[in-house]
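When you read off a place in the sequence shown, starting at 1, and then add 258, the result is the number in the numbering used here.
Cβ atoms here follow ideal geometry from the backbone N, Cα and C, with glycine treated the same way.
Okay, structure first, notes after.
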Amino acid sequence: MILSELWRHYEADKRIQGFSPNTLKAYALQLRMLVTDLGDIDISKVTLNLLKEYLAKQSDRLKASSLGHRIRFVRSLFRYAYEEAYLPTNPSLKLREPKMDKRIPKFLMEEDVIHLKISCQTRRERALLEFLYSTGCRIGEVEKLNIEDLNWENCSAIVNGKGAKQREVYFTTECKVWLKKYLASREDSRKALFVTDTNPVKRMAIPTLRWVLKRLADRGAVEANVYPHRFRHTYACQLLDNGAPLDFIQGMLGHEKASTTQIYAQLRGERRRELYRRFF
């Protein structure tokens, strides 16, 4: 069995498990880079040393976090090959990820959020901004949202997170007002919560959602780098400031592991330092 054939089996397995199209697209890119380097060889010829040589070449131009992603994919691929009995041993078993310092998540200051709100020129822009800010959703979760997923009475929404896991998130009354204004202005019959201005109307994809936020930041002259996940960090920071316990924040963010949420505990100190730098 050659690498490309193994990929077809692996991709089908992950698709059945509910992996998102974006995750599979990222995995496909990793596979192409592996095949470009090693060739589309028989998987029985893949050894630990061969994988180490491939990853060593990559390490010269990749950050530790990116190299870690590459190693996790290689391990996952060959673990699958071993577990499905396509290989008698797992050549990636002894691969280790590089050590990384846990970086404190970057958040937006309140004045940045105010500037972004002021810079909104359409109901869609304001509705998107309010939803990201008040729910802490991943951008992929927002992309998949449908109007029917919203509960107006409770100001809540059911989102599909990583691994097809659903959770309930909540939005503010202000967000509700702007969502309703935005939906009332639409003339299409699409079920998607956020749609394009193009003809035909389509569900807004992740690149378009990112572009909307970037345009808001440019228009509002916001110095901070504005991207979707930064709203998620800001959301967690707001919960911390208001005294929410970490286990509650873990549930609201949809983190599977408590250790993922634990890094937000460092935000208290970072936020104090940021405020000191701004105002002293």
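8 Å Cβ shell around residue i - same chain, five flanking residues per side excluded
{"i": "D318", "result": "none"}
{"i": "K352", "result": "L306"}
{"i": "G419", "result": "R396, E399, R425 and G512"}
{"i": "D446", "result": "V453 and V459"}
Cut-off 6 Å between Cβ atoms - residues of its own chain near residue i, not counting five sequence neighbours on either side
{"i": "Y493", "result": "G394"}
{"i": "L289", "result": "W265"}
{"i": "F365", "result": "H491, T492 and C495"}
{"i": "D370", "result": "V480 and A482"}
{"i": "I507", "result": "A494, L497 and T519"}
{"i": "E355", "result": "G326 and I329"}
{"i": "D271", "result": "none"}
{"i": "V293", "result": "L261"}
Extent of the continuous beta strand (DSSP E) to which residue i belongs
{"i": "R473", "result": "It is not in any beta strand (DSSP E) - R473 instead sits in the alpha helix (DSSP H) that spans I464 to R477."}
{"i": "V304", "result": "Run containing V304: none; DSSP gives neither H nor E here."}
{"i": "Q424", "result": "Q424 to Y428"}
{"i": "V417", "result": "S414 to N418"}
Bounding residues of the alpha helix (DSSP H) (the contiguous stretch that carries residue i)
{"i": "Y440", "result": "T431 to S443"}
{"i": "A516", "result": "A516 to Q520"}
{"i": "K402", "result": "I397 to K402"}
{"i": "S392", "result": "R381 to T393"}
{"i": "R490", "result": "P486 to D499"}
{"i": "S377", "result": "E368 to S377"}
{"i": "D446", "result": "Counting along the chain, D446 falls outside any alpha helix (DSSP H), and DSSP gives it neither H nor E."}
{"i": "G512", "result": "It is not in any alpha helix (DSSP H) - G512 carries neither H nor E in the DSSP assignment."}
For residue i: DSSP bridge partner residues
{"i": "N409", "result": "S414"}
{"i": "R461", "result": "V453"}
{"i": "I260", "result": "D300"}
Contacts around residue i, its chain only, beta-carbon distance under 7 Å, and the 5 residues preceding and following it disregarded
{"i": "I316", "result": "Looking at the sequence itself, residue 316 is Gln, so the reference to Ile does not match. So the list reads L325 and R328, once near-sequence residues are dropped."}
{"i": "Q520", "result": "L504"}
{"i": "C378", "result": "R384, L387 and L474"}
{"i": "E341", "result": "none"}
{"i": "F538", "result": "For F538, the predicted structure reports a pLDDT of 48, less than 50, and the residue's modelled location is therefore unreliable. A value from the coordinates is still provided. So no residue of the chain qualifies."}
{"i": "L309", "result": "V332, P349, S350 and L353"}
{"i": "N404", "result": "K449, A450 and L451"}
{"i": "N457", "result": "none"}
Any C-beta of chain B under 8 Å from that of residue i
{"i": "K375", "result": "No chain B is present in this structure, which holds just one protein chain."}
What residue ranges within the segment 275-359 form continuous alpha helix (DSSP H) runs of no fewer than 4 residues, ordered along the chain? 279-296, 306-317 and 322-341
Flag this pair as touching only if the segment 378-392 and the segment 500-508 have three or more C-beta atom pairs under 8 Å; answer yes or no. no
Can you find at least 3 beta carbon pairs, one from the segment 411-426 and one from the segment 458-466, that sit closer than 8 Å? no
I'd like to know if the segment 406-417 and the segment 452-464 are in contact, where contact means that at least 3 CB-CB pairs between them fall below 8 Å. no
Can you find at least 3 beta carbon pairs, one from the segment 268-288 and one from the segment 427-442, that sit closer than 8 Å? no
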